[in-house]
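Before any comments, here is the structure.
Residue numbers (the numbering used here), protein chains in the order written: chain A, 1 to 242; chain R, 1001 to 1268; chain C, 2001 to 2229.
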């Protein structure tokens, strides 16, 4: 049970699952960062009609489990969508971009992406807020005193410092996103943890299947951590930290 | 690594003096029989709405075996994916969860003599499946950890397989339109439809793509326990209890009437 | 939208099959998060102090272990603890203990860094002064450092607890009858009301987590903030 390695076919399954996990994580992190920035702006907007829904969104999303949210979107909301839309979402199609053709992802991928992005966006918005709020008020006053316009103060004084402080926590959220993709196996998405269960079912090599999957997860996180450390120790970054 | 494990096992056996205690003895000593059964698959194993206890055909067999042993029955709810891990990691003594007998599984677990037979079938939305070949282009839902997935891939290699944690999830996906068909053992599908309010929208096409024998899953190498379970099952058939259990769930008075074609002891 | 399925099963959602069976539902969720929270707190404190006082290769081993615990998805750790530990080491761990162990190990790993940061945020003068007064290292920690550091760390403890409450939902994968598991069971039985059931479940978790967060917020405001960088 210990020593035998998995046959290439099963390693292939695990690798496919890993690629899907990576792809999903990348997509989620990219989109969630953008949306998180927008959400942050909405949350700190002076207009009540923007800030209140934003705060509510963050509150609800952060205080409910991701698993329940995924179930809600995939099994619950799908039942409420018009049938034509569901059929359209389920129809495979591909987009040809020169030599590469992008296939339309499966509905499970779409639902997983949707649920994960909504979840991660809320957390990223809060990390951005914490980072930018940590910039002392005096910085803003000093910038204005130097004759900069508010937009310039924002762009040259507050944002760079705020983002530097937020970098560590943001990377932490990206790492969480990678780990959270493991939950999509409950809605049928063939990610790495799903693949490890499939391999285990067929080969009964529990230790190897789960061991390999765990190793891949830990390596991915380690890479993000290493990238973070590199950035944080680079001269460019260190010069900016107050 | 293998040598070390063998050496360790040998020394343990020598040290213990007596032959290693076998599971049947352990169960009798502990006074409890731990059985894994389904909790979302009527009429094999499901949670009763009022008593909140797990009931079903598999549960009735488990109760009979526990009664024969003279011990208490402790049920552990499971889904198809967790059945084998529960058994192999010694969390349960028996698996009575619509467990299909296959040669691959027989290398990891012991099987009892079969107590149920069924064929793998499909549920589709009414009128959508006009020929079997359509399945080769469809998205089909299966349960993780079942033989159905393997058979589906073999018979319909073009089908896009989506695996869920349990049959009701797959059915919800069918209802929502995420898959166009789901596949499982025929009796399970019939049991599922009987409990669904909009059952008129679905149908089970009258063909099977496999013939499966269902047995009790036991820990590998536990011959005493396996023999005991086999004996119990044969006795249940002989004194008519097996038929009674069948009629309780699939008899003509139930919502899922199904003719009983397989009796315990039949060869196939 | 018909919410009668919630009313009909309210007892089951709240207690599981208790008293005719093991405790389940929301009550089990609370119990699991309470036990894991306390255990994670103890572990986090111990590891955090260890992070601050240990040196050399021991510290690196500790950093490695904590890093591993923070890198592994909770789902995978639960699989390992529940299904693989018994096979590897012939140790049978009941499902509840598995969940509490997995969650407290991971929670403790996150808290450890918070504790270390909290202790690190105290001025170095505190340590020096305490040692100058002749206190032994154990006494320094117990009488001087921790009483000042703990109030700073309390909000992060509570935030970790909020994560723990949400993570108990993952016990669903190993068949533990907490709220998410019970909800999917009912949904599988009733079949046609997934939206209502999952909305209700989300609401219950929301109430638990929000209550804790409000508490954390109140406590954070009471603690004087240390304005140093």
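Beta carbons: idealized from backbone N, C-alpha and C, even for Gly. Given the structure is predicted, the values throughout are model-derived calculations rather than measurements.
- Taking C-beta atoms under 8 angstroms as the contact rule, residue 25 of chain A and residue 2075 of chain C fail to qualify, at a distance of about 15 angstroms.
- For a Cβ distance threshold of 8 angstroms, residue set 2175 of chain C lies close to residue 1078 of chain R, ordered along the chain.
- Within the model, the alpha-carbon separation for residue 171 of chain A versus residue 2005 of chain C is close to 42 angstroms.
- About 13 angstroms separates the beta carbon of residue 1184 of chain R from that of residue 1124 of chain R, a gap too long to meet the 8 angstroms contact definition.
- Using a CB distance cut-off of 7 angstroms, residue 2201 of chain C counts as an interface residue toward chain A.
- Residue 1219 of chain R is outside the set of residues whose beta carbon lies under 7 angstroms from a beta carbon in chain C.
- Beyond the five residues adjoining it in sequence on each side, residue 1032 of chain R comes within less than 7 angstroms, by CB distance, of 1071, 1072, 1074 in the same chain, given in chain order.
- The residue among C:2172, C:2165, C:2003 with its C-alpha nearest the C-alpha of residue 2207 of chain C is C:2165.
- The way I'd put it, the segment 2048-2059 of chain C does touch the segment 2102-2119 of chain C; three or more beta-carbon pairs between them come closer than 8 angstroms.
- Against residue 2021 of chain C, the close residues of chain R are 1052, 1053, in the order they occur along the chain (beta-carbon pairs closer than 8 angstroms).
- Counting the other CB atoms within 10 Å of its CB gives residue 2019 of chain C a total below 16, which places it among the exposed residues.
- With 16 or more other Cβ atoms from the protein chains shown falling within 10 Å of its own Cβ, residue 90 of chain A counts as buried.
- Annotation for residue 2159 of chain C: the continuous alpha helix (DSSP H) segment containing it runs 2146-2167.
- In the structure shown, residue 2003 of chain C adopts coil according to DSSP, grouped into three states.
- The alpha helix (DSSP H) runs lying completely inside the segment 145-227 of chain A and spanning 4 residues or more are 150-153, 159-180, 192-203, given in chain order.
- Residue 2082 of chain C has a beta carbon lying at 7 angstroms or more from every beta carbon in chain A.
- Between the segment 2157-2177 of chain C and the segment 63-72 of chain A there are three or more C-beta pairs closer than 8 angstroms, enough to call the two in contact.
- Taking each of A:73, A:134, A:130 in turn and checking the Cα distance to residue 109 of chain A, the smallest one comes out for A:73.
- Sorting C:2213, C:2194, C:2036 by C-alpha distance to the C-alpha of residue 2002 of chain C places C:2194 at the top.
- In terms of Cα proximity to residue 120 of chain A, the closest of A:175, A:53, A:151 is A:175.
- Shortest Cα-Cα distance from residue 1218 of chain R to any of R:1211, R:1212, R:1226 involves R:1226.
- In this structure residue 2091 of chain C is exposed. Its beta-carbon is surrounded by fewer than 16 other beta-carbon atoms within 10 angstroms.
- Shown here for residue 1146 of chain R: same chain residues with a beta carbon closer than 8 angstroms to its own, the five before and five after excluded, namely 1080, 1100, 1184 in chain order.
- Within the model, the alpha-carbon separation for residue 1211 of chain R versus residue 1187 of chain R is close to 12 angstroms.
- Shown here, residue 1145 of chain R sits in coil according to DSSP, grouped into three states, outside any helix or strand.
- The segment 78-131 of chain A is shown to contain whole beta strand (DSSP E) runs of 3 or more residues at 94-97, 100-103, in chain order.
- Take the alpha-carbon of residue 2022 of chain C and the one of residue 2034 of chain C: they are about 17 angstroms apart.
- Around the CB of residue 227 of chain A, fewer than 16 other CB atoms lie within 10 Å, so the residue is classed as exposed.
- The alpha-carbon separation between residue 2173 of chain C and residue 146 of chain A amounts to approximately 58 angstroms.
- DSSP, reduced to helix, strand and coil, places residue 2178 of chain C within a strand of the structure shown.
- Residues are counted here when their Cβ sits less than 9 angstroms from a Cβ of chain A; for the segment 1082-1105 of chain R these are 1084, 1085, 1088, 1089, 1104, 1105, given in chain order.
- For residue 2006 of chain C, the nearest beta carbon of chain A is not closer than 7 angstroms to its own beta carbon.
- Contact annotation: residue 2016 of chain C and residue 2182 of chain C have beta-carbon atoms nearer than 7 angstroms.
- CA-to-CA, the gap between residue 181 of chain A and residue 191 of chain A works out to about 7 angstroms.
- Between residue 2095 of chain C and residue 2078 of chain C, the gap from beta carbon to beta carbon reaches 7 angstroms or more.
- Here residue 1052 of chain R is buried. Its C-beta has 16 or more other C-beta atoms within 10 Å.
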